[in-house]
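First residue of the sequence shown? That's 16 in my numbering, and the numbers climb one at a time after it.
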Amino acid sequence: MPIASPEIYNEMLDRAKAGKFAYPAINVTSTQTLHAALRGFAEAESDGIIQISTGGAEFLGGQYSKDMVSGAVALAEFAHVVAKKYPVNIALHTDHCPKDKLDGYVRPLLAISQERVAAGQNPLFQSHMWDGSAETLDDNLAIAQELLAEAVKARIILEVEITPTGGEEDGVSHEINDELYTTVADAERTAEALGLGEKGRYLLAASFGNVHGVYKPGNVVLRPELLRELQDGVAAKHGKTDPFDFVFHGGSGSTEEEIRTALENGVVKMNLDTDTQYAFTRPIADHMFRNYDGVLKVDGEVGNKKTYDPRSWGKLAETSMAERVTKACADLRSTGTKLK
16 MPIASPEIYN EMLDRAKAGK FAYPAINVTS TQTLHAALRG FAEAESDGII
66 QISTGGAEFL GGQYSKDMVS GAVALAEFAH VVAKKYPVNI ALHTDHCPKD
116 KLDGYVRPLL AISQERVAAG QNPLFQSHMW DGSAETLDDN LAIAQELLAE
166 AVKARIILEV EITPTGGEED GVSHEINDEL YTTVADAERT AEALGLGEKG
216 RYLLAASFGN VHGVYKPGNV VLRPELLREL QDGVAAKHGK TDPFDFVFHG
266 GSGSTEEEIR TALENGVVKM NLDTDTQYAF TRPIADHMFR NYDGVLKVDG
316 EVGNKKTYDP RSWGKLAETS MAERVTKACA DLRSTGTKLK
């Protein structure tokens, strides 16, 4: 199927919220990890979200110029071609973008999609994320208002992060402390600034103890039940049941119970990066250790081309990452829910 249209993406999110499931949002850094994600969704018969961070886009732009916009555009254009071969709907998203990178990433990408829409085409990406968690909430929401208005022109959904996610991703880091919990007051201020759909649709990355990366049990205290407090607190004031479409950041390593509680409370998207990175790299390491005398020209020998050919280990990596994506679909209850 082609990359999801704005209408299809909205329908995907509506179905997820109504059905109490969520889509894995898989970070990719190459055409090969893109294919792994697509394959995983197809094998799970689940629609899904594929996303590119600023660091991932910079890597995709090549080490010669390290241009984030060209890297993101190139992968998105590639995805628009190859996704047609997979029987699922896929939305393209850009992940965490802090204030100092807006002008070099999200704003130019919004402009590209606005031009496409003006020409009668669908946007290049279906959603973009503004990560203002390092800013004051007032500044965060002021920028979010501006970006949401621009996103509406491009028929794009905006994702906003209003309070910090702990750990580190692409150079943006936050301590693991009590600030990792969004309050009802934070949610109410968000609703007042961005509306509840009438100013444009947005996804809300609220914090309930989320941390990027994987930590041993007990190191991170997730409180997904907090999302219910945010939903009900804003609903009581605005008269709209379950007003927010939540995003679960720092999802790698979460327990089944934590995920289930988050789904019941309005999570429609959960980000996965660390787990899928490991799934991709693990079989490559195994291949290299098992075939060291083939991939290296040891003691003046010629090695074994069949083992150092990138296709030999690349296929193993794709298969492993696809399996992890399929597991994510099962964990988030999106397996078998693809739109017909």
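Cβ atoms here follow ideal geometry from the backbone N, Cα and C, with glycine treated the same way.
- If you draw a straight line from the Cα of residue 263 to the Cα of residue 294, it comes to about 20 Å.
- Contact check for residue 177 against residue 201 passes: the beta carbons are separated by less than 8 Å.
- Between the beta-carbon of residue 284 and that of residue 40 there is about 5 Å, and that keeps the pair under the 8 Å contact cut.
- The beta-carbon separation of residue 244 and residue 175, rounded to 19 Å, does not stay under the 8 Å limit for a contact.
- Here the stretch 294–306 lies against the stretch 329–345, with 3 or more beta-carbon pairs under 8 Å apart.
- The beta-bridge partner set that DSSP reports for residue 176 consists of 146, 220.
- In this structure, DSSP gives residue 350 a state outside helix and strand, which the three-state scheme calls coil.
- The C-beta of residue 73 has 16 or more other C-beta atoms within 10 Å across all chains shown, which makes the residue buried.
- Nearest to residue 111 by alpha-carbon distance, out of 30, 211, 219, is 219.
- Relative to residue 282, the option among 33, 136, 126 whose CA is nearest is 33.
- Cβ-Cβ separation between residue 95 and residue 66: approximately 15 Å, too far for a contact (criterion under 8 Å).
- Taking residue 104 as the centre and dropping the five residues before and after it, the same chain places the C-beta of 16, 19, 23, 27, 62, 353, 354 closer than 7 Å to its C-beta, in chain order.
- Of the other Cβ atoms in all chains shown, 16 or more fall within 10 Å of the Cβ of residue 146; this residue is therefore buried.
- From the listed residues 160, 224, 173, the smallest Cα separation to residue 207 is found for 160.
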